[in-house]
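Student: Just dropping this structure here.
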Amino acid sequence: MAKLYYHAGQRGEAEAIRMMFVEANLPVDDVAVTDADLAALDGEGKLLFGDLPVLEVDGMRLPKRHGAHFAVHIFFISEAAILEYIASKADAKSGGKDNRFLGSNENERSTARSLCSAANDLRRELMRLLKNRNSDAEKAFKKDTLPLYFGSFDKMAVASNDEDKGLGDGVHFTFGDLAVFEVVNAITHYMQVSIIRPYPNLKEWHDKAIRRPALEKHIHARPEATWSRIGKTKQAIDQAMMARIASTTFSISVVSLSLSLSLSLIEQCQAPLATQILL
């Protein structure tokens with residue numbers, strides 16, 4: 001059975017992969033990785049490029065790695081590649097009769113890959129917002145980022161009665177559609193559901209996708225996610241800094257008090273001496 005390694009309690013970049021397994025009706029062992037586990041996994045050689053998520057299949061590992069961190073792009077493997085791998089397994093399971101998740105031809109598969117790339121870019125923008133969440137950053141995200149991506153997805157969402165319709169020219173709901181669905185769903189979760197309303201075609205497509213039996217069951221059954229890793233790290237840093245400031249303030253107060261007492265004692269000792277000299 002395949003094993004998916006990702007940070008414990010978090011959805012993040014592994015959630016689309018989980019959804020892909022659910023849609024493909026393929027088993028997976030979802031391994032929750034704590035911070036203490038990371039060093040052990042690295043020592044075992046399971047963090048091939050030092051990052052999560054990692055999909056291990058029969059000893060072969062497909063890790064996620066941002067290209068900016070690994071210069072030799074021929075070895076670049078992303079969560080998009082993991083999604084495509086699962087899609088290929090699902091389509092092969094059907095005996096090649098229905099290339100649903102990969103697309104029916106190279107054009108549709110290229111569209112799916114493009115959608116994955118756009119979804120990953122949008123997720124990075126979302127993570128950047130969560131890392132530096134303030135009113136200005138949120139305004140910029142709503143004003144610039146969302147119209148760019150949601151607007152493009154809205155144009156690609158063709159009105160159709162087909163519940164299995166994907167974005168663009170594809171006939172079926174591909175691994176690229178699933179990547180887009182997950183990040184759109186994450187944004188409506190982190191922000192608000194109404195944020196998708198200005199994009200009616202995308203909203204209709206999203207609402208159809210969320211009614212897919214396997215996805216609907218997964219979404220209702222999944223545990224509530226903890227705050228993002230970036231958020232947790234930032235929170236921990238903030239708490240440590242506040243504790244340090246409090247400790248420093250206390251130390252300064254103690255030093256100030258000690259200095260005041262010392263000066264007072266010196267003054268008391270010097271007073272009789274000054275009197276003797278004057279006398």
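Mapping the sequence shown onto UniProt numbering, position 98 (from 1) lands on 98, and the numbers just tick up by one. For every residue, glycine included, the Cβ atom is placed at its ideal position computed from N, Cα and C.
Go through the UniProt domain "GST C-terminal" (105-227) residue by residue and report every complete run of the alpha helix (DSSP H) that reaches 4 residues or more, in order.
Tutor: Counting only runs of 4 or more, we get 106-131, 135-140, 146-156, 175-190, 200-210, 213-221.
Student: Applying the criterion that 16 or more other CB atoms from any shown protein chain within 10 Å of the CB defines a buried residue, is residue 285 buried or exposed?
Tutor: For residue 285 there is no data in the structure shown, the boundaries of the chain being 1 and 279.
Student: Output the distance between the C-alpha atoms of K3 and E84, rounded to the nearest integer angstrom.
Tutor: Looking up residue 3 in the sequence shown gives position 3. Looking up residue 84 in the sequence shown gives position 84. Computed Cα separation, rounded: 16 Å.
Student: Could you name the residues of the same chain whose beta carbon sits closer than 6 Å to that of E56, not counting the 5 residues immediately before and after it, in chain order?
Tutor: In the sequence shown, the residue the question calls residue 56 occupies position 56. So the list reads K3, once near-sequence residues are dropped.
Student: In the DSSP assignment, find the beta strand (DSSP E) that holds K3 and state where it starts and stops.
Tutor: As a position in the sequence shown, residue 3 is number 3, starting the count at 1. That run of the beta strand (DSSP E) goes 2-7.
Student: For D37 and L52, I'd like the C-alpha separation in whole angstroms.
Tutor: Taking the sequence shown and counting its residues from 1, one reaches residue 37 at position 37. Taking the sequence shown and counting its residues from 1, one reaches residue 52 at position 52. Distance between the alpha carbons of D37 and L52: 12 Å.
Student: By the 10 Å Cβ neighbour count, where 16 or more other Cβ atoms means buried, how is V193 classified, buried or exposed?
Tutor: As a position in the sequence shown, residue 193 is number 193, starting the count at 1. Answer is exposed; the Cβ neighbour count stays below 16.
Student: Quick one: measure Cβ to Cβ for A119 and A179, integer angstroms, because I've assumed they're closer than 8 Å.
Tutor: By one-based count along the sequence shown, residue 119 stands at place 119. By one-based count along the sequence shown, residue 179 stands at place 179. Right, their Cβ atoms sit about 4 Å apart.
Student: Does DSSP classify L48 as helix, strand or coil?
Tutor: As a first step, residue 48 must be located in the sequence shown, where it is residue number 48. Three-state result, L48: coil.
Student: Using a threshold of 8 Å, state whether the C-beta atoms of A112 and G103 are closer than that.
Tutor: In the sequence shown, counting from the first residue as 1, residue 112 sits at position 112. In the sequence shown, counting from the first residue as 1, residue 103 sits at position 103. Against a cut-off of 8 Å, the Cβ pair of G103 and A112 comes out as a contact.
Student: Let me know if A24 comes out buried or exposed under the rule of 16 or more other beta-carbons within 10 Å of its beta-carbon.
Tutor: Mapped onto the sequence shown, residue 24 falls at position 24. Buried, because 16 or more other Cβ atoms sit within 10 Å of the Cβ of A24.
Student: Say whether the region 152-160 touches the region 197-212, bearing in mind that this needs 3 or more beta-carbon pairs closer than 8 Å, one atom from each stretch.
Tutor: Taking 8 Å as the limit for Cβ pairs, the verdict is that the region 197-212 does touch the region 152-160.
Student: Here's the rule: buried if 16 or more other CB atoms are within 10 angstroms of the residue's CB, otherwise exposed. What is E44?
Tutor: Along the sequence shown, read from residue 1 onward, the residue named residue 44 stands at position 44. With fewer than 16 Cβ atoms within 10 Å of its Cβ, E44 is classed as exposed.
Student: Please classify H7 as buried or exposed, where buried requires at least 16 neighbouring CB atoms within 10 angstroms.
Tutor: As a position in the sequence shown, residue 7 is number 7, starting the count at 1. When all chains shown are included, H7 counts as buried.
Student: Can you tell me the Cβ-Cβ gap for V184 and H206, rounded? I've got them flagged as a contact below 8 Å.
Tutor: Against the sequence shown, residue 184 aligns to sequence position 184. Against the sequence shown, residue 206 aligns to sequence position 206. That pair is a contact at about 6 Å.
Student: If I measure Cβ to Cβ from residue 310 and keep anything under 7 Å in the same chain, skipping five residues before and after, which residues do I get?
Tutor: This structure does not reach residue 310, given that the chain is present from 1 up to 279, and the question cannot be answered.
Student: In this structure, does DSSP put I77 in helix, strand or coil?
Tutor: The residue given as residue 77 occupies position 77 in the sequence shown. Because I77 sits at a pLDDT of 48, beneath the cut-off of 50, its placement in the model cannot be relied upon, and the point is left open.
Student: Could you check if T34 is buried or exposed, using at least 16 other CB atoms within 10 Å of its CB as the buried criterion?
Tutor: Sequence index remark: in the sequence shown, residue 34 carries index 34 (1-based). The residue is exposed, with fewer than 16 neighbouring Cβ atoms inside 10 Å.
Student: Tell me, please, which residues DSSP counts as bridged to D30.
Tutor: One-based indexing of the sequence shown puts residue 30 at position 30. DSSP, once it has assigned bridges, lists L4 as partnering D30.
Student: Note down the Cα distance separating residue 282 from A32, rounded to an integer number of angstroms.
Tutor: This structure cannot settle anything about residue 282, because the visible part of the chain is limited to 1 through 279.
Student: I need the boundaries of the alpha helix (DSSP H) containing E23, first residue and last residue.
Tutor: As a working mapping, residue 23 is identified with position 23 in the sequence shown. Per DSSP, E23 belongs to the alpha helix (DSSP H) from 15-24.
Student: Measuring straight from C-alpha to C-alpha, what distance separates A140 and I196?
Tutor: Position 140 of the sequence shown holds residue 140. Position 196 of the sequence shown holds residue 196. Going from the Cα of A140 to the Cα of I196 covers about 16 Å.
Student: Does chain B have any CB closer than 8 Å to the CB of E163?
Tutor: Any reference to chain B falls outside this structure, which holds one protein chain only.
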